[in-house]
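J.: One line per chain: the protein sequences are Z and E, in this order.
Each number in the working numbering corresponds to the 1-based position in the first sequence with 6 added.
Each number in the working numbering corresponds to the 1-based position in the second sequence with 22 added.
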Amino acid sequence: MLPFAIKVSGLTKTYGVKPVLHGLDLEVKAGQRFVLFGGNGSGKTTLLKCLAGLARPDAGDVAIAGMDARRQGPEARRLIGVVTHQPLLYEDMTGLENLRFYGRMFQTPRLEERIQQVAAQLDAAPLLSARVRTLSHGMKKRLSLCRALLHNPPVLLLDEPETGLDEEALRLLDALLTSEEGRGRTVLMATHSLERGLALADSVGVLSGGRIAYQAEAKGLDVAGFRQTYHSYLGVGQ
Amino acid sequence: MKDFLLPILAIARKDVLLELRTKDVVTSVLMFALLAMITFNFAFDPSPAVVALVAPGILWVAFTFAGVLGFNRSFTLEKENGSLEGLLLCPVSRDVIYFGKLLGIFLFMMVMEAVLLPFFAVLYNLPALNLKLLLLSALATLGFSGVGALFSAMAVNTRSREIMLPVLLLPVASPVVIAAVESTRAILEGASWGEIGRWWGLVLAFDVLFLIISSFLFGSVLEE
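1) Using a Cβ-Cβ cut-off of 7 Å (strictly less than) and excluding sequence neighbours within five positions of K146/Z, which residues of its own chain qualify?
2) Counting only beta-carbon atoms, is K123/E nearer than 8 Å to chain Z?
3) From this set, G126/E, K24/E, I80/E, which residue's C-alpha is nearest A34/E's C-alpha?
4) Quick check: is the beta carbon of R181/E nearer than 8 Å to any beta carbon in chain Z?
5) Give me the Cα-Cα distance between D208/Z and L42/E, rounded to the nearest whole angstrom.
6) Please report how far the alpha carbon of V230/E lies from the alpha carbon of G223/E, in whole angstroms.
7) Looking only at its chain, what residues have a beta carbon closer than 6 Å to the beta carbon of S50/E, apart from the 5 residues adjacent to it on each side?
8) Closer than 8 Å, CB to CB, is V39/E near chain Z or not?
9) For V114/E and chain Z, any beta-carbon pair shorter than 8 Å?
10) Within a Cβ cutoff of 8 Å, which residues of the same chain sit near V38/E, ignoring the five residues on either side of it in sequence?
11) Is L17/Z helix, strand or coil when you go by DSSP?
12) What residues in the region 95-107 of chain E bring their beta carbon closer than 9 Å to a beta carbon of chain Z?
13) Thinking just about the alpha-carbon of each residue, which of F64/E, L81/E, L124/E, L110/E is nearest to the one in S96/E?
14) Which residues in the same chain as Q244/Z place their Cβ atom closer than 7 Å to its Cβ, once the five residues preceding and following it in sequence are excluded?
15) Suppose you measure from the CA of M59/E to the CA of A175/E; what does that come to, to the nearest Å?
16) Should V203/E and G89/E be called a contact, given that it needs their Cβ atoms to be closer than 8 Å?
17) Exposed or buried, which one is S242/E when buried takes at least 16 other CB atoms within 10 Å?
18) Short check: CB of G101/Z to CB of A61/Z, under 8 Å?
19) Under the three-state reduction of DSSP, which class applies to E245/E: helix, strand or coil?
20) Below 9 Å on C-beta distance, what does L94/Z contact in chain E?
21) Going along chain Z in order, which residues have a C-beta closer than 8 Å to the C-beta of L28/E?
22) Could you compute how far the alpha carbon of A32/E sits from the alpha carbon of R116/E?
23) Per DSSP, what are the beta-bridge partners of Q127/Z in this structure?
24) Can you tell me whether Y146/E is buried or exposed? The criterion is at least 16 other CB atoms within 10 Å of its CB, across all chains shown.
25) Tell me the rounded alpha-carbon separation between T44/E and L139/E.
26) When you compare only the Cα positions, how much space is there between A36/Z and H28/Z?
27) Excluding five sequence neighbours on each side, which residues of the same chain lie with their C-beta closer than 6 Å to the C-beta of I69/Z?
28) From the DSSP secondary-structure annotation, give me the bridge partner or partners of M195/Z.
29) For Q234/Z, which residues does DSSP report across the bridge?
30) Can you check whether the C-beta of R120/Z is within less than 8 Å of a C-beta belonging to chain E?
31) How big is the Cα-Cα spacing for F246/Z and T192/Z?
32) Under DSSP, the alpha helix (DSSP H) around P115/Z begins and ends at which residues?
33) Report the three-state DSSP secondary structure of G226/Z (helix, strand or coil).
34) Give a yes or no on whether the C-beta atoms belonging to V118/E and I30/E are separated by under 8 Å.
35) Going along the region 31-65 of chain E in order, which residues come within less than 7 Å of chain Z, judged by CB to CB distance?
36) Identify the continuous beta strand (DSSP E) that holds V138/Z and give its terminal residues.
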């Protein structure tokens, strides 16, 4: 087993003339839950997009479980499940049809069984028969989580997954991430919620100035102390 | 091979399912093409000499502009809720996504043409329902859709995509459209297979060229 499920070195990404990521290095051990904090526009989403193969880095290397995210794109993408701000679902298809489509694209074995299993884990079974267009934002997010978990990926990339989720859905997500099944999975989660992030994380990082400016083990960090550290990197008054 | 074909079929199947639900593409494209044919019918004196001269052009103007509408709609659907990103996250190479979208677009175009050709035959009193014209339509539509899928993917991320797509697409696709018009004229005049071979060769050559180049470029136009 490779020591690092995610390895990023010298990652640079510029949009127009604005550098968003600047020589970023990051290593996330296999099975670890790494929570990334950062202000708006700090580059959290850009980093996740580079990891997922949605954005082309200007420089640097990105590897998922030892596979180069660019040169071995399809193989690397098979290993990751991604939840972004948008649900990535087709509005005029039902939840079930959407999951079937993604299952076929990932060639998920025993697809129907797996769909029911994932939907049950996230209490999304009642959403399967409804057209996505008729669902609320939070319901779409639940289906989006089902989509990301459908092929049972060893690496999960979550971009503010709590947005739009109700308390029950959040509890289910947390349970899923910390369960026996979830414990073997590497998670990189970007969030603004310090409390949730610290509660779930094995280690945390703060993205500032296009780099991981701060990184620490989550064990032993308290919310108040970390908030001060976090704000100092954001340049926010205490 | 299975890893290549199954996702292509899954994407095309998804596009067909979405179309059956919404009927967005087929309805708008059919109505547009039909209105274009009727308008031209009124605009020109429908004498046999004039019809022989202008009808092939009218047919391909209707197909081409209706196709542009269809391409636009097909990729706009992918932008809703970031579904295009969902496709890009799948463990398939970008050319698989290209061929899947192309297959869906090609099927819609063929349905549209199958419905419109009888109308064209009746409206202009021409022997348009023959094997040669059907085969030519399929061949020219493949090349047109091939380059259309690439430019729709490019235009969908621009603010004025409805304008951008024809501006980008029509100059590049013109060799196929011109060859299709000339070949249609020859077919309607009763030319033999040998006489239309030159135009068919041109259409085929551009089909191959468009499909190869577009499948290579497709990935680059989609990534940020």
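For glycine and all other residues, C-beta sits at the position ideal for the given N, C-alpha and C.
T.: According to the data block:
1) Within the same chain, K146/Z has close Cβ partners P93, L95, V138.
2) no
3) The residue with the shortest Cα to Cα distance from A34/E is G126/E.
4) no
5) In a straight line, the C-alpha of D208/Z is about 47 Å away from that of L42/E.
6) 11 Å
7) L91
8) The question names Val, yet the displayed sequence has Leu at residue 39/E. True, the Cβ-Cβ gap to chain Z drops below 8 Å.
9) yes
10) G126, L129
11) strand
12) L99, E100, E102, N103, G104, S105, L106, E107
13) L124/E
14) Note that Q244/Z scores 43 on pLDDT, short of 50, meaning its location in the model is unreliable and no value can be drawn from it.
15) 28 Å
16) no
17) exposed
18) no
19) coil
20) N103, G104, S105, L106, E107, G108, L109, L111
21) R110, Q113
22) 14 Å
23) For Q127/Z, which the question treats as bridged, DSSP gives no partner whatsoever.
24) buried
25) 24 Å
26) 25 Å
27) Before going further, note that residue 69/Z is Ala rather than Ile in the sequence given. For A69/Z, the CB contacts under 6 Å within the same chain, skipping 5 residues up- and downstream, are K13 in chain order.
28) V41/Z, L164/Z
29) In DSSP, Q234/Z forms no bridge with anything.
30) For R120/Z, the answer is no, since every Cβ of chain E falls outside 8 Å of its Cβ.
31) Residue 246/Z lies beyond the residue range present for chain Z, which begins at 7 and ends at 244; the question has no answer from this structure.
32) Counting along the chain, P115/Z falls outside any alpha helix (DSSP H), and DSSP gives it neither H nor E.
33) coil
34) yes
35) Identification of residues in the region 31-65 of chain E having a C-beta nearer than 7 Å to some C-beta of chain Z yields A32, K36, L39, L40, R43, T44, given in sequence order.
36) Unbroken run through V138/Z: none, as it is neither H nor E.
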